[in-house]
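Scroll down for the structure; my scribbles are underneath it.
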Amino acid sequence: MISRAQPLSSKQSRAGAAVRLAQVGDLDAARSAFEEAIALDRRNPDLYFNLALVEEQSGNADAAASRLSILLDLKPNYPQAASRLARLLARFQISDVASLSPNGIKAALLAPGINHQPIADVAFAWLFDRQQDLANSMAQLQIAAGNERSVGQALIAANISTGLTHELLLLALRTGTVKHHRYEQVLTAVRAALLLDCGLQRLTDRRVMELAVAVMTQGWSNDHAWHETAEETAALSALKIDRAKLASGEIDASCRYLLHALYRPLEDILDPPLSVEDARLLKPRILKDAILRHLEDRQRQQEFARSVPSLKPLADATSRKVASQYEAAPYPRWQSLHRSREGSLKAALGRHVGSERLSFMDSRFDVFIAGCGTGQQALQAATAYGPNARLLAMDLSAASLGYAVDMAKRHAIDNVEFVRGDILDCGLLDRDFDVIECVGVLHHMANWRAGWTELLRKLKPNGLMYVGLYSATSRANLRNLRSEPSYPGPGCSNDAARKYRRELLVRTEGQDGSELKFSRDFYALNAFRDLVLHESEAHVTLDEITEFLDTNGLVFRGFTLEHQVEQEFAAAFPTRPLPGTLADWAAFERTNPRTFDAMYRFWIERRN
Numbered sequence: 019m020i021s022r023a024q025p026l027s028s029k030q031s032r033a034g035a036a037v038r039l040a041q042v043g044d045l046d047a048a049r050s051a052f053e054e055a056i057a058l059d060r061r062n063p064d065l066y067f068n069l070a071l072v073e074e075q076s077g078n079a080d081a082a083a084s085r086l087s088i089l090l091d092l093k094p095n096y097p098q099a100a101s102r103l104a105r106l107l108a109r110f111q112i113s114d115v116a117s118l119s120p121n122g123i124k125a126a127l128l129a130p131g132i133n134h135q136p137i138a139d140v141a142f143a144w145l146f147d148r149q150q151d152l153a154n155s156m157a158q159l160q161i162a163a164g165n166e167r168s169v170g171q172a173l174i175a176a177n178i179s180t181g182l183t184h185e186l187l188l189l190a191l192r193t194g195t196v197k198h199h200r201y202e203q204v205l206t207a208v209r210a211a212l213l214l215d216c217g218l219q220r221l222t223d224r225r226v227m228e229l230a231v232a233v234m235t236q237g238w239s240n241d242h243a244w245h246e247t248a249e250e251t252a253a254l255s256a257l258k259i260d261r262a263k264l265a266s267g268e269i270d271a272s273c274r275y276l277l278h279a280l281y282r283p284l285e286d287i288l289d290p291p292l293s294v295e296d297a298r299l300l301k302p303r304i305l306k307d308a309i310l311r312h313l314e315d316r317q318r319q320q321e322f323a324r325s326v327p328s329l330k331p332l333a334d335a336t337s338r339k340v341a342s343q344y345e346a347a348p349y350p351r352w353q354s355l356h357r358s359r360e361g362s363l364k365a366a367l368g369r370h371v372g373s374e375r376l377s378f379m380d381s382r383f384d385v386f387i388a389g390c391g392t393g394q395q396a397l398q399a400a401t402a403y404g405p406n407a408r409l410l411a412m413d414l415s416a417a418s419l420g421y422a423v424d425m426a427k428r429h430a431i432d433n434v435e436f437v438r439g440d441i442l443d444c445g446l447l448d449r450d451f452d453v454i455e456c457v458g459v460l461h462h463m464a465n466w467r468a469g470w471t472e473l474l475r476k477l478k479p480n481g482l483m484y485v486g487l488y489s490a491t492s493r494a495n496l497r498n499l500r501s502e503p504s505y506p507g508p509g510c511s512n513d514a515a516r517k518y519r520r521e522l523l524v525r526t527e528g529q530d531g532s533e534l535k536f537s538r539d540f541y542a543l544n545a546f547r548d549l550v551l552h553e554s555e556a557h558v559t560l561d562e563i564t565e566f567l568d569t570n571g572l573v574f575r576g577f578t579l580e581h582q583v584e585q586e587f588a589a590a591f592p593t594r595p596l597p598g599t600l601a602d603w604a605a606f607e608r609t610n611p612r613t614f615d616a617m618y619r620f621w622i623e624r625r626n
């Protein structure tokens with residue numbers, strides 16, 4: 019190994035020394051060596067990538083993200099950097115957003131094969147932190163105590179501020195969902211100003227049109243979750259659309275249609291709704307292309323939904339209610355997918371059960387995704403398990419499955435097949451499985467134990483299962499909401515759901531439900547229904563899970579948690595190594611009630 023004190027005579031030798039230092043784990047020395055190499059060769063993207071890896075291994079997520087964004091600014095087509103940045107931002111909260119390169123963020127948003135949502139999150143943070151007019155809008159909202167409209171008027175009156183037409187904002191609105199309550203406030207204000215203050219003539223300005231189309235696209239991402247005032251509702255009712263003029267390509271009619279589309283699903287604007295053929299007549303082109311693409315996507319998903327095979331008609335009353343919820347609001351509506359390295363899940367699972375236990379993955383094996391929803395989990399699993407895996411994904415909702423099939427084709431993932439059915443009927447499936455995943459599903463059944471038992475009938479001897487169940491401890495706050503007079507209840511209208519979501523959004527800290535604005539599922543109406551307004555929901559304790567595992571001869575193999583939580587658990591129970599026992603984790607949860615805020619996610623193994 020080259021010593022830190024040894025003089026290095028060239029760019030190559032300095033880079034080589036940095037790599038060797040990183041390989042032997044001397045991260046501080048490696049960092050210094052890479053920084054010296056970059057000083058000599060500032061446009062070498064590989065140096066930035068390796069330095070980012072060193073920063074990440076050292077626990078410096080901010081520095082790693084900054085280096086990766088600078089790399090992508092230098093070389094936008096660097097797939098490993100975009101993938102690494104997306105994974106990093108999904109795991110860590112970046113505090114120094116200002117150090118990121120906006121061009122690098124943009125390159126990541128355009129990169130294929132990664133999850134764009136964490137990139138969009140940091141794009142919004144960068145914009146609202148660094149763009150002075152948007153930062154001022156945030157301050158104005160705070161001063162105005164919620165008077166969003168005045169802020170929107172000011173932004174629109176300023177000839178559309180630099181921040182509002184920033185290319186990065188428009189791209190982030192199209193590729194991700196706004197998941198921060200303060201950013202949503204500003205953009206809700208902008209939407210109101212587009213409708214109430216902008217005027218149809220102003221919409222014909224290219225910059226204003228681009229902004230309005232991006233906000234419309236954001237509405238499709240969040241299922242039109244944003245609050246609207248009575249004034250906005252009245253203005254929409256008064257804004258008539260002449261269908262003949264729309265069909266003739268008249269700009270005024272198109273602008274009227276666009277304003278409605280900022281607030282309503284396309285299928286609710288006209289009767290009958292605009293067809294794909296109708297959309298081809300719209301002007302200008304930016305509006306036509308966006309609406310045409312959306313209508314074509316929906317049409318294709320509906321066709322796929324009709325073509326998915328079914329085990330049998332749903333018989334269970336609770337299953338039918340739950341299916342009805344997801345037919346109306348497929349969850350989640352996602353746009354991008356992180357493609358894992360083929361077979362990477364084998365390495366991750368090895369830490370739970372031991373690599374020798376996973377030799378079955380070296381040849382053809384069967385995986386069942388029970389309750390796949392819109393397919394995101396199933397398609398991620400398909401890439402992570404690799405080509406040896408043959409996956410079957412099942413769900414109650416045909417609409418959700420249509421979305422999943424469309425996404426599978428879009429991402430060219432061909433080792434998954436889909437079927438509509440109830441877990442209670444999975445005995446009708448023609449094969450058993452080496453691995454079963456059932457995350458976020460059993461607690462929506464009338465009897466989660468009965469559903470789990472049916473799945474076990476399809477698990478091969480010595481098979482593995484990944485389960486996700488709601489924690490009774492972490493969801494106590496949501497149980498309290500259901501008893502409130504203002505709670506609209508499952509199956510409520512979209513308008514009632516929006517109004518209740520708004521009520522929770524403006525609650526002050528400490529009030530029940532005020533903390534939900536920090537949940538990722540708060541920011542789209544389909545996700546909000548899943549989070550707060552579900553048709554059927556059970557909450558489970560670790561004692562109940564222990565009893566079920568013991569009764570059925572199952573072995574707990576560990577939770578999926580952040581490394582920091584595992585370290586805290588290990589410090590609390592130093593004599594009992596990971597994965598620990600469920601009794602120990604129950605004691606840990608009593609002391610740390612937010613440990614399992616999403617749900618208990620854990621691997622189990624069958625003993626026989």
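In the numbering used here, the protein residues as written are 19 to 626. Virtual Cβ for every residue (Gly too), placed ideally from N, Cα, C.
If distances are taken between C-alpha atoms only, which option among the options comes closest to residue i?
{"i": "Arg60", "options": "Val72, Asp44, Leu92 and Leu71", "result": "Leu92"}
{"i": "Asn512", "options": "Ala271, Leu188 and Asp241", "result": "Asp241"}
{"i": "Pro674", "options": "Thr401, Gln320 and Ile622", "result": "Since the first and last residues shown for the chain are 19 and 626, residue 674 lies out of range."}
{"i": "Val42", "options": "Asn433, Gln75 and Val573", "result": "Gln75"}
{"i": "Arg109", "options": "Glu54, Arg624, Leu579 and Leu596", "result": "Leu579"}
{"i": "Val326", "options": "Val204, Met463 and Phe436", "result": "Phe436"}
{"i": "Gln236", "options": "Thr195, Asp139 and Glu54", "result": "Thr195"}
{"i": "Ala347", "options": "Leu300, Leu299, Lys364 and Pro283", "result": "Pro283"}
When you compare the CB positions of residue i and residue j, do they come within less than 8 Å of one another, or not?
{"i": "Gly486", "j": "Ile441", "result": "no"}
{"i": "Gly439", "j": "Ala411", "result": "no"}
{"i": "Val231", "j": "Ile304", "result": "yes"}
{"i": "Phe546", "j": "Ala515", "result": "yes"}
{"i": "Leu419", "j": "Ile387", "result": "no"}
{"i": "Ile123", "j": "Ile112", "result": "no"}
{"i": "Ala126", "j": "Ala104", "result": "yes"}
{"i": "Gln398", "j": "Leu355", "result": "yes"}
{"i": "Tyr243", "j": "Ala542", "result": "Reading off the sequence, residue 243 comes out as Ala, not Tyr. The answer is yes: Cβ separation under 8 Å."}
{"i": "Cys510", "j": "Leu473", "result": "no"}
{"i": "Asn544", "j": "Tyr349", "result": "yes"}
{"i": "Glu250", "j": "Ala210", "result": "yes"}
{"i": "Ala323", "j": "Ala417", "result": "yes"}
{"i": "Val453", "j": "Val371", "result": "no"}
Leaving out five residues on either side along the sequence, give the residues of the same chain with a beta carbon under 6 Å from the beta carbon of residue i.
{"i": "Ala129", "result": "Ala100"}
{"i": "Ser328", "result": "Arg438"}
{"i": "Arg357", "result": "Gly131 and Thr401"}
{"i": "Pro94", "result": "Ala125"}
In its own chain, which residues sit with a C-beta less than 7 Å from the C-beta of residue i, not counting the 5 before and 5 after it?
{"i": "Trp238", "result": "His312"}
{"i": "Leu499", "result": "Tyr505, Asp530, Gly531 and Val550"}
{"i": "Pro611", "result": "Thr491 and Ser492"}
{"i": "Gly598", "result": "Phe587 and Phe591"}
{"i": "Ala33", "result": "Ala55 and Leu65"}
{"i": "Ile161", "result": "Because Ile161 sits at a pLDDT of 48, beneath the cut-off of 50, its placement in the model cannot be relied upon, and the point is left open."}
{"i": "Asp260", "result": "Ala271"}
How far does the beta strand (DSSP E) with residue i in it extend, from its first residue to its last?
{"i": "Ile454", "result": "Phe451 to Val457"}
{"i": "Val573", "result": "Leu572 to Phe577"}
{"i": "Glu435", "result": "Val434 to Arg438"}
{"i": "Asp384", "result": "Phe383 to Ala388"}
Where does the unbroken alpha helix (DSSP H) through residue i begin, and where does it stop?
{"i": "Glu623", "result": "Glu623 -> not in any alpha helix (DSSP H); beta strand (DSSP E) instead, spanning Tyr618 to Arg624."}
{"i": "Lys306", "result": "Arg303 to Ser325"}
{"i": "Asn498", "result": "Ala494 to Leu499"}
{"i": "Asp14", "result": "The question about residue 14 has no answer, for the chain in this structure spans 19 to 626."}
{"i": "Met412", "result": "That residue, Met412, is in no alpha helix (DSSP H); its beta strand (DSSP E) goes Ala407 to Asp413."}
{"i": "Pro479", "result": "Unbroken run through Pro479 is the beta strand (DSSP E), Leu477 to Leu487; no alpha helix (DSSP H)."}
{"i": "Cys273", "result": "Ile269 to Ala279"}
Kindly list the residues whose CB is nearer than 8 Å to the CB of residue i, restricted to its own chain and excluding five residues on each side of it in sequence; keep chain order.
{"i": "Ala163", "result": "Its pLDDT being 44, under 50, Ala163 is placed unreliably in this model, and the coordinates cannot settle the point."}
{"i": "Leu188", "result": "Glu228, Leu229 and Ala232"}
{"i": "Leu367", "result": "Leu376, Leu482 and Trp621"}
{"i": "Leu596", "result": "Gly576, Glu584, Phe587 and Ala588"}
{"i": "Lys263", "result": "Asp270 and Ala271"}
{"i": "Asp568", "result": "none"}
Quick one: is the Cβ of residue i within less than 7 Å of any heavy atom of the ligand SAH?
{"i": "Val140", "result": "The ligand SAH is not part of the structure shown, which contains no ligands of any sort."}
Problem - the segment 588–608 touching the segment 455–463, judged by at least three CB pairs closer than 8 Å - result: no
Exercise for the section: Please determine if the segment 116–130 and the segment 77–93 are in contact, where contact requires at least 3 C-beta pairs separated by less than 8 Å. Expected result: yes
Practice task
Report yes or no: do the segment 421–436 and the segment 315–322 share at least 3 C-beta pairs separated by less than 8 Å?
Solution key: yes
Exercise for the section: Kindly confirm or deny that the segment 265–283 and the segment 294–311 touch, where touching means at least three C-beta pairs closer than 8 Å. Expected result: yes
Problem - Cβ contact (3+ pairs, closer than 8 Å) linking the segment 208–228 and the segment 519–526 - result: no
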